[in-house]
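Inspection log for the structure reproduced underneath, given as structure tokens.
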Amino acid sequence: MLNKVLVMDYNFREIEEKWQKYWRDNNTFLTPQESNKPKYYVLDMFPYPSGSGLHVGHPLGYIASDIYARYKRNMGYNVLHPQGYDSFGLPAEQYAIQTGQHPAITTDENIKNYRSQLDKMGFSYDWTREVRTSSPDYYKWTQWIFIQLYNSWYDKSADKAQPINLLIEQFEISGNKNINAFCDLDTIVFSSNDWKNYPKFEKEKILLKYRLAFLAETVVNWCPKLGTVLANDEIIDGVSERGGYPVIKREMIQWSMRITAYAERLLSGLDKIDWSDAIKETQRNWIGKSVGASVFFNVIGHDCKIEVFTTRPDTIFGVSFMTLAPEHELVNIITTEIQRKFVDKYIMTTKSRSERDRMSDIKTITGEFTGAYAEHPFTKKPIPIWIGDYVLAGYGTGAVMSVPCGDQRDYDFAKYFKIPIPNIFAEVDISEKAFTGKTFTITDSEFLNGSNFNDAFKTSVDKLIKIGHGREKINYRLRDAIFSRQRYWGEPFPVYYKNDIPNMISPKFLPLKLPEVKKYLPTEHGDPPLGRATSWAWDTNNNSVVCNSKIDNKTVFPLELNTMPGWAGSSWYFNRFMDPDNENEFASNKNLNYWQQVDLYVGGSEHATGHLLYARFWQKFLFDRGFLTVDEFAKKLVNQGMILGKSAYVARIEGQNTFISYDKVKGKSVQYIHVDINFINSKDQMDLNMFKSWRAEFNSAKFIFSDDGSFKVKREVEKMSKSKYNVINPDDICFKYGADSFRLYEMFLGPLEQHKPWSTDGITGVFAFLKKFWKLYVGQSGVKVTADAPCSQSLKTLHKTIKKVCHDIEGFSFNTSVSSFMIAVNELTNLNCTSRSILEPLLVLMSPYAPHICEELWHKLGNKESISITKFPVYDPKYLVEISKTYPISFNGKTRFTLDLPTNMSAAEIEKLVLSDHRSITYLNGKIVKKMIFVPGKIVNVVF
RNA sequence: GCUCAAGUGGCGGAAUUGGUAGACGCGCUGGAUUCAAAAUCCAGUUUCUUCGGAAGUGUGGGUUCGAUUCCCACCUUGAGUACCA
Numbered sequence: 000m001l002n003k004v005l006v007m008d009y010n011f012r013e014i015e016e017k018w019q020k021y022w023r024d025n026n027t028f029l030t031p032q033e034s035n036k037p038k039y040y041v042l043d044m045f046p047y048p049s050g051s052g053l054h055v056g057h058p059l060g061y062i063a064s065d066i067y068a069r070y071k072r073n074m075g076y077n078v079l080h081p082q083g084y085d086s087f088g089l090p091a092e093q094y095a096i097q098t099g100q101h102p103a104i105t106t107d108e109n110i111k112n113y114r115s116q117l118d119k120m121g122f123s124y125d126w127t128r129e130v131r132t133s134s135p136d137y138y139k140w141t142q143w144i145f146i147q148l149y150n151s152w153y154d155k156s157a158d159k160a161q162p163i164n165l166l167i168e169q170f171e172i173s174g175n176k177n178i179n180a181f182c183d184l185d186t187i188v189f190s191s192n193d194w195k196n197y198p199k200f201e202k203e204k205i206l207l208k209y210r211l212a213f214l215a216e217t218v219v220n221w222c223p224k225l226g227t228v229l230a231n232d233e234i235i236d237g238v239s240e241r242g243g244y245p246v247i248k249r250e251m252i253q254w255s256m257r258i259t260a261y262a263e264r265l266l267s268g269l270d271k272i273d274w275s276d277a278i279k280e281t282q283r284n285w286i287g288k289s290v291g292a293s294v295f296f297n298v299i300g301h302d303c304k305i306e307v308f309t310t311r312p313d314t315i316f317g318v319s320f321m322t323l324a325p326e327h328e329l330v331n332i333i334t335t336e337i338q339r340k341f342v343d344k345y346i347m348t349t350k351s352r353s354e355r356d357r358m359s360d361i362k363t364i365t366g367e368f369t370g371a372y373a374e375h376p377f378t379k380k381p382i383p384i385w386i387g388d389y390v391l392a393g394y395g396t397g398a399v400m401s402v403p404c405g406d407q408r409d410y411d412f413a414k415y416f417k418i419p420i421p422n423i424f425a426e427v428d429i430s431e432k433a434f435t436g437k438t439f440t441i442t443d444s445e446f447l448n449g450s451n452f453n454d455a456f457k458t459s460v461d462k463l464i465k466i467g468h469g470r471e472k473i474n475y476r477l478r479d480a481i482f483s484r485q486r487y488w489g490e491p492f493p494v495y496y497k498n499d500i501p502n503m504i505s506p507k508f509l510p511l512k513l514p515e516v517k518k519y520l521p522t523e524h525g526d527p528p529l530g531r532a533t534s535w536a537w538d539t540n541n542n543s544v545v546c547n548s549k550i551d552n553k554t555v556f557p558l559e560l561n562t563m564p565g566w567a568g569s570s571w572y573f574n575r576f577m578d579p580d581n582e583n584e585f586a587s588n589k590n591l592n593y594w595q596q597v598d599l600y601v602g603g604s605e606h607a608t609g610h611l612l613y614a615r616f617w618q619k620f621l622f623d624r625g626f627l628t629v630d631e632f633a634k635k636l637v638n639q640g641m642i643l644g645k646s647a648y649v650a651r652i653e654g655q656n657t658f659i660s661y662d663k664v665k666g667k668s669v670q671y672i673h674v675d676i677n678f679i680n681s682k683d684q685m686d687l688n689m690f691k692s693w694r695a696e697f698n699s700a701k702f703i704f705s706d707d708g709s710f711k712v713k714r715e716v717e718k719m720s721k722s723k724y725n726v727i728n729p730d731d732i733c734f735k736y737g738a739d740s741f742r743l744y745e746m747f748l749g750p751l752e753q754h755k756p757w758s759t760d761g762i763t764g765v766f767a768f769l770k771k772f773w774k775l776y777v778g779q780s781g782v783k784v785t786a787d788a789p790c791s792q793s794l795k796t797l798h799k800t801i802k803k804v805c806h807d808i809e810g811f812s813f814n815t816s817v818s819s820f821m822i823a824v825n826e827l828t829n830l831n832c833t834s835r836s837i838l839e840p841l842l843v844l845m846s847p848y849a850p851h852i853c854e855e856l857w858h859k860l861g862n863k864e865s866i867s868i869t870k871f872p873v874y875d876p877k878y879l880v881e882i883s884k885t886y887p888i889s890f891n892g893k894t895r896f897t898l899d900l901p902t903n904m905s906a907a908e909i910e911k912l913v914l915s916d917h918r919s920i921t922y923l924n925g926k927i928v929k930k931m932i933f934v935p936g937k938i939v940n941v942v943f
């Protein structure tokens, strides 16, 4: 008896293991390269394999994309749904520093662990296409792309990247006069003769200013604690994103990427991709386009001029002083002898202030007068030049024309230092604060008098151009991206140095593999960890890595010691999945042409200004150079929300080993300590025995209990993390309820994009549903499904569900389709439905969500092929309509009409009439009707 | 400060995008089954109510025959960004 029950019950462990093995053994999800089906590419942001493994938050996006991929497969697409690992990164390196274990070993172990966790959830990945950014087969091509970037420049006239050879040809023909390029120098002009006469060293130096990957002395964000530089997007609130360590500004020679060349295209490209408004807006802010003008002010008594950027050229007659950033190059030149000691002192104090101090202390006004004066381009009046740290060296030109009446910061500065505040706005009061609006009439401004904002803007720019003192300018906040990292566990640069000039290793000899080192810390001289490698020199005779002692700077040269940042490998991996084993190209043209781009990309929104921007940049570059056929890598992006943990805290009385129940805390001085949430039940009560045996010091602790004798804890919703002891492991959930329950529950939790706290309580609901679902097909004596004709009610249920589920999947609202399945199963159970023509399509419909149970039942019904290649059921509206000849109408709560429909109307026509959004009927009871909405039997409204 | 998103029962959240608000699930209440518990099943569950109804989607206005949905102002929360000239 007991045995029989076991056989017939929903045994999820057995079922899930069975089908996971079946899919693996039969290569069910292998994506064929050749196919006459239409393609569809569904991709997750590949994970960094961390040591703590997956928690229930990680799979949320993976489940959603897996449902979508399975759905598309059922709809007849050739679906590419791969997965890989972003396996270079800091945690493995820091573990290596502490333990001496090679990061490759740590990474490998973590990947194994990740894989076993992922396998338990029944994802339909094609694992034969797996990529790892830390694998030499992969980073060979990352290095190759780097070389392409190095060998390219941005041609503004053609508005695309071009090979560097084209630039050199141009230099030889006519120097750089006719070149319209993105580069570091736009002041030095040379002729073709100049170019030819430059020594090689000089030529290389000039070319570096044009290359898209270039070496330059730059002010970088240096994190002493991490011993490395950080990109702007790796810094949050002035401290490092990882670890929260302070960051200082420092000048270093670094590899950089000229992403600024792509600022405009990165901006305009947003219009043609289907990404969330939030991400697009974040990227727009990050790029920070502002339209204005460049204005030149001559410095009186010096042969130099100050260039400023302003978005308000219309206020040029309101300028009463100029402010330079303390780091501005002219400060030293123009400062007068009398003022020098004050200026020097001021520069010293600003330098000693960290970025964070500067940010947290924005209200204090500081500055110093240089003693120098600039000449107003129109009035020729002298304008005092100040320095102040409210002007940022990194934005615009590091200098501003200060218009106190029209800008609040200039206003505050002027008030503080008692600089005059001329008012150029007619009938506007500026005695309290600056006027920053754009609706005004200008006065006291010579030829601009009487103009409004738009006219004044245009006129002033025109006049500035005429007198050679300015031009229109578009400024971007986006900075070039620093590409060097002083770390070990990253891609080595394929670069060696001849007389300090970088040379690329020929792509033929890639990959340049990471050398072995004894320790993973920087050297005593402050060189990056690669400085410890004994074999890290390039022999140009044999084109191979040789021992450092052989460096003779004739045929053997030192190699680059920095490695590439984490975003290098992740900026193009989606293209590698199209052809992962290709040894001759990063992907073949044939495969690139077939797969084109990612159709659906799923991942967290935290990568908005990092990965997602860099990847778009590389894609556009590779497109420009003809290696790709599309210039946006992801057509649609869906951002899943974060699943948060519910941390538990115990209250400890300050200075004692006494713990107090949370409801007894008030009025007492306590401190809260994180406790493992496994000790806590659903009523927020703690298991004292588990707590006591957790740590030795708690064993002897005293406890003050709640009135009911229990011990309560404080709960708080936080990010899931090991250190907060609030992590829920998906393995545990899969073991207790099964992967299908887990998948359904993660979807059921709420809208995909939303952040939501995890609570295991509700999972019993979906688990019970799956049991009920099982019982619909299998009874005590085996499969219940029959060949009986379906009743109209069950047909209605089926088609209602098909319609809803298709609509939900297309709109990524997976939570509501789980509800639809529950309703369908309840209705079909109540109808005692056993008809195969209802129950079989229902299985296919639900298989993307709960693949294991559906596959099992599918085969139980006698099918031989996997359910994943079965055609999705199609919704037929005719089952949803009840045909009736008259409908009562209640209108305005008072009048009642009866609408007579023609008896000769077909079901389809009535259905169309009843279900269409807004239906126009010309006459109803003698009145003209504009709009009518009704549900069969219940007319809702009529508009006359 | 600026930009964006959101505010619906005890809780997570639905509402065909202007048309029966609170689907579905959790929790809770009652019942069945059980020696008992778990599990399972059935019924109820927005609030108030004189059991006729009435009110109700952050607050206050507006448009509309009709507003959770659209418009204006305000309040609250979350996210991004921040001396950006």
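Sequential numbering from 0 applies to the first sequence in this note's numbering.
For every residue, glycine included, the Cβ atom is placed at its ideal position computed from N, Cα and C.
Got a sec? Which residues, its chain only, sit under 7 Å from Lys17 by beta carbon, not counting five neighbours each side? none
Start-to-end residues for the beta strand (DSSP E) that takes in Asn26: Neither: Asn26 is in no beta strand (DSSP E) and is coded neither H nor E.
Sub-8 Å separation of Gly640 and Glu752 beta-carbons: yes
Relative to the alpha-carbon of Pro876, which residue among Ala849, Thr828, Leu42 and Leu794 has its alpha-carbon at the smallest distance? Leu794
Which parts of the segment 488-531 are runs of the beta strand (DSSP E), unbroken and 3 residues or longer, counting only runs that do not cross its ends? 494-497 and 500-503
C-alpha distance - Arg241 paired with Tyr47, whole-angstrom precision: 14 Å
Hey, how far is the Cα of Trp773 from the Cα of Ile703? 48 Å
Alpha carbon to alpha carbon, how far is Phe658 from Met689? 14 Å
Let me check understanding here. Comparing Cα to Cα, which of Leu612, Ala68 and Ala215 lies closest to Gly121? Ala68
Per DSSP, which residues does Met321 bridge with? Please list them. Ile384 and Met400
If Asp406 sits next to Ala373, beta carbons under 8 Å apart, how far is it from one beta carbon to the other, in whole angstroms? The pair is not a contact, with the Cβ atoms about 18 Å apart (cut-off 8 Å).
Secondary structure at Glu16, three-state DSSP: helix, strand or coil? helix
Which stretch, first to last residue, makes up the alpha helix (DSSP H) that contains Ile278? Asp276 to Ile286
DSSP three-state label for Pro90, please. helix
Euclidean distance between Cα positions of Asn680 and Asp686: 8 Å
Would you give the residue range spanned by the alpha helix (DSSP H) that Ser191 belongs to? Ser191 to Asn196
Quick check on Glu715: does DSSP put it in helix, strand or coil? strand
Sequence-distant residues of its chain with Cβ nearer than 7 Å to Leu520 (five each side left out): Ile96 and Pro528
Would the segment 446-462 count as touching the segment 323-337 if we require 3 or more Cβ pairs under 8 Å? no
Note down the Cα distance separating Ser660 from Lys682, rounded to an integer number of angstroms. 13 Å
Flag this pair as yes or no: are the beta carbons of Ala647 and Val712 separated by less than 8 Å? yes
Under the DSSP definition of a beta bridge, which residues are partnered with Leu775? For Leu775, which the question treats as bridged, DSSP gives no partner whatsoever.
C-alpha distance - Phe377 paired with Leu591, whole-angstrom precision: 57 Å
Anticipated Cβ contact below 8 Å, Val402 with Thr322, distance rounded: That pair is no contact at about 11 Å.
Taking C-beta to C-beta, are Gln595 and Val629 nearer than 8 Å? yes
Of the residues Thr369, Leu89 and Ala607, the one placed nearest Thr281, counting alpha carbons only: Ala607
Decide if Pro37 is buried, meaning its Cβ has at least 16 other Cβ atoms within 10 Å, or exposed. exposed
Quickly, what does DSSP pair Met251 with across the bridge? List them, please. Thr217
Reference Glu471, options Pro847, Gly761 and Asp313, closest by Cα: Asp313
What is the rounded straight-line gap between the Cα of Gln948 and the Cα of Tyr94? Past the edges of the chain, shown from 0 to 943, lies residue 948, and the structure says nothing about it.
Where Glu471 sits in the DSSP three-state scheme: strand
Member of Asp193, Ile144 and Ala180 whose CA lies at the smallest distance from the CA of Ser173: Asp193
Between Leu53 and Asn109, what straight-line distance do the alpha-carbon atoms span, to the nearest angstrom? 10 Å
Of the choices Thr522, Ser151 and Ile205, whose alpha-carbon is the least far from that of Leu560? Thr522
Status (buried if at least 16 other CB within 10 Å, exposed otherwise) for Met347: exposed
Could you tell me whether the segment 776-785 touches the segment 814-827, using the rule of 3 or more Cβ pairs below 8 Å? no
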